[in-house]
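So the sequence lines, in the order shown, correspond to chains C and Z. Residue numbering for the first sequence follows full-length UniProt numbering, beginning at 1 and increasing consecutively. Residue numbering for the second sequence follows full-length UniProt numbering, beginning at 1 and increasing consecutively. Input: a single structure, listed below in C-alpha cells.
Protein chains: 2
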Amino acid sequence: MLFSISPRNPVPLYQQIVEQVRAKILAGELPPGSQLPSIRELAKELTTSMITTKRAYLELEKEGLIITRPGLGTFVAGVRPELVTSLKQARVKEHLQAAIQEARRVGMQEQELRALLDELLGRGREPPG
Amino acid sequence: MLFSISPRNPVPLYQQIVEQVRAKILAGELPPGSQLPSIRELAKELTTSMITTKRAYLELEKEGLIITRPGLGTFVAGVRPELVTSLKQARVKEHLQAAIQEARRVGMQEQELRALLDELLGRGREPPG
DNA sequence: AGTACCGTGTATAATCTATATATACATTAT
DNA sequence: ATAATGTATATATAGATTATACACGGTACT
C-alpha cells in the first residue's frame, strides 16, 4: 500500500495517514469497494499503534470516503465521480486560498503570485539559474 | 494595532499572533524601529495571557523580525528590503508548494491547478454564477 | 545627585487539551 | 472452534495556556 509517516513531522500521525489515504482514493488509485489494509496491518507497517490507524480511518469515515464493517474490514466507499472531482478541487483550493490570503496580507500583487506559481511548477524540468 | 485571534481556530493562539504581526511587518505597515504593543497591552486587547503574547514575540525574535529590550519594549528590527522581499515570497511559496503537492497526489493536471487559482483570484470582483 | 514610581520584559510552576499507546473485548466468516 | 476483523477503556506523554511573582529601564520630583 506504501504509506509513510514521520514522528518528526509536526502534523499528527493520524492526520498524516488521513491525508495519504484520502489522496489515493481521490486519485482513483483505490477504487470503490477495494479493501484497505486492516488497522493492525497498517499499524505494523507504519510502526504505530492500532488506535492511531483506527483514528485515521474514523476521520475518513466521517468524510464518507470509506466504510468500516466490524469483523470484516474497511473498504473504499462508492462516491459519485462528480463528487470526487469537487472534493479534489476543494482540497487544492484550500491551499491556494491560503496562498492568496497570505499574498494579500503581505501586500503582494496578483501578478507576482502567478509568477511564483509558474516558477514552482517549472522546477523539476528546467535547471535553475 | 488591530489584531484578532480565535480559540476556535485549531491554530495555536501564539501562532495566530505570530502570523499577523509578521504579515504587517513584511507588508511595511510596521516600519523598522516602530514600537509594538507591550505584551501586557496585547494580551489585554486579545483577551489572552502575557505568556502567550510573549511566546509569539519570542518566535518573531528568533526570525530576526523584532527586537526585545527588557524594561523598554519590543521594536521592529531593521531588515534589509531585499530580505523582506524574499521572506514574503517564501511565505507565499510555502502555501503554493502545498497546493502543488496536493494537486499531484490527487492526480490533478497543472492546467486545472492554474484554472483554480484564476477562479479564486476572480472572486470578489465578478459576481458568482 | 538621589530616589520613588510606573511601565516594560522575565521566570517558574501549575493546569488543560490533544495525541498516542497497550491490552482486553466483541464481531464475522470459514 | 479458529483466525481474521474492528471496538472500547484506561493510561502516558507532549504541547498550549495560564497566574503570579520577579527584575530592568526610563522619568519626574526633590
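Each residue gets a CB set at the ideal place from its N, CA and C atoms; glycine is no exception.
### C-alpha distance - Glu94 (chain C) paired with Gly71 (chain Z), whole-angstrom precision
The straight-line gap from Cα to Cα measures roughly 43 Å.
### Separation of Leu13 (chain C) from Val19 (chain C), as counted between CA atoms
Going by the sequence as given, residue 19 (chain C) is Glu instead of Val. Their backbone Cα atoms lie some 10 Å apart in a straight line.
### Proximity winner among Z:Ile5, Z:Arg91, Z:Glu119, relative to residue 132 (chain C) (alpha-carbon distances)
Outside the displayed span of chain C (1 to 129) sits residue 132 (chain C), for which this structure offers no information.
### Message
Please tell me whether Ala99 (chain C) and Leu96 (chain Z) are closer than 7 Å, where the distance is taken between their beta carbons.
### Response
Yes.
### Alpha carbon of Leu36 (chain C) to alpha carbon of Arg8 (chain C), nearest angstrom
Distance between the alpha carbons of Leu36 (chain C) and Arg8 (chain C) is about 25 Å.
### Message
What does the alpha-carbon distance come out to for the pair Asp118 (chain C) and Gly28 (chain Z)?
### Response
26 Å
### Where residue 131 (chain C) falls: helix, strand or coil (DSSP)
Limits of chain C in this structure are 1 at one end and 129 at the other, which puts residue 131 (chain C) out of reach.
### Message
Excluding the 5 residues flanking Phe3 (chain C) on each side, which residues of the same chain have their C-beta closer than 8 Å to its C-beta?
### Response
Leaving aside the five residues that flank Phe3 (chain C) on each side, the residues in its chain whose CB is nearer than 8 Å to its CB run, in chain order, Ile17, Gln20, Val21, Leu42, Glu45, Leu46.
### Task
Measure the C-alpha to C-alpha separation of residue 136 (chain C) and Met1 (chain C) and round it to an integer number of angstroms.
No answer is possible for residue 136 (chain C): the residues shown for chain C start at 1 and end at 129.
### Task
Could you tell me which chain C residues have their CB closer than 7 Å to the CB of Ala99 (chain Z), listed as they occur along the chain?
Val92, His95, Leu96, Ala99
### Message
Can you pull the chain Z neighbours of Val106 (chain C), defined as C-beta to C-beta under 7 Å?
### Response
Ala23, Leu26, Ala27, Lys88, Arg91
### Query
How big is the Cα-Cα spacing for Gly122 (chain Z) and Ser49 (chain C)?
45 Å
### Distance, Leu26 (chain C) Cα to Val84 (chain C) Cα
Rounded to the nearest angstrom, the two C-alpha atoms are 6 Å apart.
### Message
Can you pull out the residues from the UniProt domain "HTH gntR-type" (11 to 79) of chain C whose beta carbon lies closer than 7 Å to at least one beta carbon of chain Z?
### Response
The residues in question are Ala23, Leu26, Ala27, Gly28.
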